[in-house]
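Chemist:
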Amino acid sequence: MTDNKRFGLDPSGIDARMKEGVDSLEKVQEICTLLHTSVQEGLSSFPAHLSLRESAFGKNEYSAQPPPHYSQTFFSLLAKSYSELQPRFIRNILVCAMIFYVVFIVIIVDPGAELSTYLLIILAYIIEPLAFLCVPIFMEARWTYRKQVMLNIALQRVGNTGQTATVMRGGELTAKVKFEDIVVGDIVQLSPGDVVPGDGLLLGQDNGLVFGTTGSDGAYSYPGFGVCAGSAVSKGKGQIVIVAVGSNTRLGQIISEPPQNKELFPVTYILVIATVMGLSFFFTMTTMFLFNTYIIEQMPGEVRHLQQIMTFFGYSVNCFLLMIPFSLPLIIVWILHRSKDSSKAFHGIFKIVQLKVIYNILIVSVMFIHYALIPVLFISGLQKIWMNTFATLLALLLYPTDDANRPLKGADEILTMARETLRNIAGQVFWQLGILLGLILLGGPWLDLNTNPDTGPTAYNTMIFNTLAFMTLFNLFCVRVGKVEKNCFAGILKHRIFCVVWILAAILQLIITQCGGLLFNIHPLTLTELIISLCLALSIFIWTQILVFICFRNNEQSNRARDYENNETEL
Numbered sequence: 001m002t003d004n005k006r007f008g009l010d011p012s013g014i015d016a017r018m019k020e021g022v023d024s025l026e027k028v029q030e031i032c033t034l035l036h037t038s039v040q041e042g043l044s045s046f047p048a049h050l051s052l053r054e055s056a057f058g059k060n061e062y063s064a065q066p067p068p069h070y071s072q073t074f075f076s077l078l079a080k081s082y083s084e085l086q087p088r089f090i091r092n093i094l095v096c097a098m099i100f101y102v103v104f105i106v107i108i109v110d111p112g113a114e115l116s117t118y119l120l121i122i123l124a125y126i127i128e129p130l131a132f133l134c135v136p137i138f139m140e141a142r143w144t145y146r147k148q149v150m151l152n153i154a155l156q157r158v159g160n161t162g163q164t165a166t167v168m169r170g171g172e173l174t175a176k177v178k179f180e181d182i183v184v185g186d187i188v189q190l191s192p193g194d195v196v197p198g199d200g201l202l203l204g205q206d207n208g209l210v211f212g213t214t215g216s217d218g219a220y221s222y223p224g225f226g227v228c229a230g231s232a233v234s235k236g237k238g239q240i241v242i243v244a245v246g247s248n249t250r251l252g253q254i255i256s257e258p259p260q261n262k263e264l265f266p267v268t269y270i271l272v273i274a275t276v277m278g279l280s281f282f283f284t285m286t287t288m289f290l291f292n293t294y295i296i297e298q299m300p301g302e303v304r305h306l307q308q309i310m311t312f313f314g315y316s317v318n319c320f321l322l323m324i325p326f327s328l329p330l331i332i333v334w335i336l337h338r339s340k341d342s343s344k345a346f347h348g349i350f351k352i353v354q355l356k357v358i359y360n361i362l363i364v365s366v367m368f369i370h371y372a373l374i375p376v377l378f379i380s381g382l383q384k385i386w387m388n389t390f391a392t393l394l395a396l397l398l399y400p401t402d403d404a405n406r407p408l409k410g411a412d413e414i415l416t417m418a419r420e421t422l423r424n425i426a427g428q429v430f431w432q433l434g435i436l437l438g439l440i441l442l443g444g445p446w447l448d449l450n451t452n453p454d455t456g457p458t459a460y461n462t463m464i465f466n467t468l469a470f471m472t473l474f475n476l477f478c479v480r481v482g483k484v485e486k487n488c489f490a491g492i493l494k495h496r497i498f499c500v501v502w503i504l505a506a507i508l509q510l511i512i513t514q515c516g517g518l519l520f521n522i523h524p525l526t527l528t529e530l531i532i533s534l535c536l537a538l539s540i541f542i543w544t545q546i547l548v549f550i551c552f553r554n555n556e557q558s559n560r561a562r563d564y565e566n567n568e569t570e571l
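Residue 352 in full-length UniProt numbering sits at position 352 of the sequence shown, with consecutive numbering throughout.
(1) Report the three-state DSSP secondary structure of Val357 (helix, strand or coil).
(2) Would you tell me roughly how many angstroms separate the C-alpha atoms of Asn461 and Gly21, rounded to the nearest one?
(3) Could you check whether Met18 and Tyr222 sit closer than 7 Å to each other, using their CB atoms as the reference points?
(4) Under a Cβ-count criterion, where at least 16 other Cβ atoms within 10 Å of its own Cβ denotes burial, should Lys147 be classed as buried or exposed?
(5) Considering only the alpha carbon of each residue, which of Gly171, Val184, Thr73 and Gly198 lies closest to Val149?
(6) Given a cut-off of 7 Å on the beta-carbon distance, is the pair Leu442 and Ala395 in contact?
(7) Along the beta strand (DSSP E) that carries Glu172, what are the first and last residues, could you check?
(8) Would you say Leu377 and His370 are within 7 Å of each other, going by their C-beta atoms?
(9) Taking the continuous beta strand (DSSP E) assigned at Pro190, which residues delimit it?
(10) Beta-carbon within less than 8 Å of Trp502's beta-carbon, same chain only, minus the 5 sequence neighbours each way: which residues are those?
(11) Please go through the stretch 17-60 and give each complete alpha helix (DSSP H) segment of 4 or more residues, from N-terminal end onward.
(12) Taking contact to mean 3 or more Cβ pairs, one atom from each stretch, closer than 8 Å, check whether the stretch 518-532 and the stretch 422-436 are in contact.
(13) DSSP beta-bridge partners for Thr526?
(14) Less than 8 Å between the CB atoms is what I'm expecting for Val241 and Gly200, so what's the real figure, rounded?
(15) Identify every run of the alpha helix (DSSP H) within the stretch 438-519, keeping only runs that are complete inside it and at least 4 residues long; order them along the chain.
(16) DSSP three-state label for Gln148, please.
(17) With distances taken between CB atoms, is the gap from Val233 to Leu190 smaller than 7 Å?
(18) Which class does Glu570 belong to by DSSP, given the choice of helix, strand or coil?
(19) Out of Ser76, Asn487, Ile31 and Pro457, point me to the one whose CA is closest to Phe225's CA.
(20) DSSP state of Asp110, grouped into three classes?
(21) Any idea if Gln163 is buried or exposed, counting beta-carbon neighbours within 10 angstroms, 16 or more meaning buried?
(22) In whole angstroms, what is the alpha-carbon distance linking Phe289 and Glu420?
(23) Using 8 Å as the threshold, is the stretch 162-176 in touch with the stretch 37-52, meaning 3 or more CB pairs across them?
(24) What are the partner residues of Thr164, as DSSP defines its beta bridges?
(25) Rounded to the nearest angstrom, what separates Val267 and Ala372 at their Cα positions?
(26) Out of Lys235, Val177 and Thr284, which one is the CA nearest neighbour of Gly193?
(27) Just the Cα atoms here: how many angstroms apart are Val167 and Val188?
(28) Go to Ile242, then tell me how far its beta strand (DSSP E) extends in each direction, as first and last residue.
(29) By how many angstroms is the C-alpha of Val353 removed from the C-alpha of Thr392?
(30) Should Ile546 go down as buried or exposed, given a rule of 16 or more other Cβ atoms within 10 Å for buried?
(31) Assuming Ala154 and Pro197 form a contact by the criterion Cβ under 8 Å, report the distance between their Cβ atoms to the nearest whole angstrom.
(32) Measure the CB-CB distance between Val245 and Val184 and report whether it falls below 7 Å.
(33) At a cut-off of 6 Å, is Gln40 close to the ligand SAM when judged by its beta-carbon and the heavy atoms of the ligand?
(34) Closer than 6 Å by C-beta to Pro457: which residues in its own chain qualify, once you throw out the five before and the five after it? Chain order, please.
(35) Terminal residues of the continuous alpha helix (DSSP H) containing Leu251?
(36) Return the chain-ordered list of same chain residues with a C-beta closer than 7 Å to the C-beta of Cys488, the five sequence neighbours on each side being excluded.
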């Protein structure tokens with residue numbers, strides 16, 4: 001009979017029960033019975049019996065020194081997370097965007113001016129597709145570092161030479177039993193300040209034991225009555241039965257394998273990011289205004305200055321509200337950044353960047369034209385929030401799970417995909433911006449649209465808004481086009497939730513266009529105007545096929561030549 005067969009449970013069986021959750025005293029008693037442990041008297045103190053348990057369940061030994069992969073600094077983890085964004089051009093753009101942001105803040109000297117306000121908003125659109133790449137990198141490094149610190153603390157507690165515990169053996173409490181001498185089945189008495197020597201189960205529901213934090217996530221904890229090795233007792237007294245020691249404990253399992261990133265991006269961070277952005281906007285604008293007004297111009301205090309500060313507060317609230325839908329891509333990239341399938345992650349990130357860059361360039365262009373050339377052109381903030389929300393929500397539903405592309409092979413193919421993404425962005429911006437410029441410059445006289453903003457919402461602005469919204473909706477399909485698959489609808493029916501949400505978004509867009517009223521700054525379009533707007537938006541499908549044919553024809557020919565190999569066995 002082997003040592004494991006002498007007991008009703010082996011280490012793997014105990015581990016499975018602990019992870020499943022021991023949530024009742026009856027289950028605790030059942031495990032004690034299988035381990036031949038008496039809750040009232042503990043184990044026998046005979047050395048042969050204790051040695052038998054050590055050979056069956058392992059010795060309670062830990063190393064006080066953490067393994068190398070749990071001894072990294074925060075900056076090394078940050079660099080590692082950053083390096084996992086393999087496409088070189090994305091990493092370089094992130095650095096350039098941060099430099100541009102610092103330089104931009106320095107050159108603004110008059111935050112009260114309308115131009116500065118527009119420039120700040122334009123800046124937000126420029127760095128937005130880059131920010132949702134940067135934030136997950138920082139959050140992943142922070143999450144890994146916190147987990148590493150807490151696990152190292154637990155490891156030092158149990159690995160410290162000379163650590164002792166109070167154990168019941170032969171019906172008597174034996175004080176100062178070394179951690180390495182504790183075996184599976186021991187009944188351990190815990191008091192405030194004590195450290196749990198191994199994974200155990202509480203022998204009581206209302207014992208008042210409170211344990212300090214031992215880990216940064218649920219990976220280092222057990223549901224129900226389970227307690228992990230390395231936990232420290234904050235207050236209360238009670239007893240536990242040891243069910244795992246040494247390398248079989250949860251702590252031993254974690255430190256014996258490399259860190260695994262399984263956490264998804266917490267939704268609460270979206271509110272944190274939105275709050276930080278709103279407060280940063282308010283304090284930046286207010287500080288610069290006060291510095292310019294009272295230090296540079298040395299003006300006396302006036303009531304209108306307070307009104308200006310309240311205006312900045314209103315802008316910061318708008319920034320907070322805008323950042324909530326803008327932060328939706330954070331969830332997408334966070335999921336992709338932790339994806340085990342690197343090919344799917346690269347495809348998804350490239351598609352999201354492409355979608356957001358195209359949309360943001362169009363919005364920034366419209367805002368610039370409104371400020372510099374055509375004041376009657378206007379797209380309200382609510383319209384922008386609506387377009388950004390449905391675009392990012394649909395991207396969340398489609399791109400992380402889209403399987404329309406073949407796997408990437410090597411760094412050269414990733415670099416080629418980066419070039420193709422840039423070509424797609426340039427080509428789509430050229431066509432869609434051309435459509436918008438045509439509507440902006442010629443739409444009024446050509447379609448006989450009212451462009452006078454003094455009369456309220458105009459059909460001119462509604463036409464531009466509806467065309468831009470449907471171009472964004474249709475562009476969700478176009479960015480799926482790769483080097484091989486020219487059919488942007490290939491496999492789309494597999495994503496039923498995406499199709500349903502897309503149809504609902506299109507219907508809501510039509511309802512907003514016809515019934516939005518003053519809330520969305522909308523003037524209803526006639527049937528002819530609506531059909532023209534939809535036809536202009538649909539033209540991007542034709543342009544996509546032309547773009548694929550022009551840009552990728554040579555690549556396909558070279559690929560066919562490279563894939564052709566003489567099969568000598570058939571000659």
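Idealized CB from N, CA, C, for every residue including glycine.
Modeler: Concretely, from the data shown:
(1) helix
(2) 60 Å
(3) yes
(4) buried
(5) Thr73
(6) no
(7) Glu172 to Lys178
(8) yes
(9) Reading off the sequence, residue 190 comes out as Leu, not Pro. Note, Leu190: beta strand (DSSP E), Ile187 to Leu190.
(10) Leu394, Leu473 and Leu476
(11) 25-34 and 47-57
(12) no
(13) According to DSSP, Thr526 bridges with nothing at all.
(14) 6 Å
(15) 459-478 and 496-515
(16) helix
(17) yes
(18) Because Glu570 carries a pLDDT of 32, less than 50, the predicted location of this residue cannot be relied on, and the following value inherits that uncertainty. Reduced to three states, the DSSP call for Glu570 is helix.
(19) Ile31
(20) Per-residue confidence for Asp110 stands at a pLDDT of 47, beneath the threshold of 50, marking its modelled position as unreliable; no derived number is given.
(21) buried
(22) 44 Å
(23) yes
(24) Lys178
(25) In this predicted model, Val267 has a pLDDT of only 49, less than 50, meaning its place in the structure is not dependable; the value taken from the coordinates is given anyway. Val267 and Ala372: Cα-Cα distance of roughly 38 Å.
(26) Lys235
(27) 4 Å
(28) Gly238 to Ala244
(29) 11 Å
(30) exposed
(31) Actually they do not touch by this definition, with Cβ atoms about 12 Å apart.
(32) yes
(33) Absent from the structure shown: the ligand SAM. Ligands present: none.
(34) Asn521, Ile522 and His523
(35) Arg250 to Ile255
(36) Phe477, Cys478, Arg480, Val481 and Thr544
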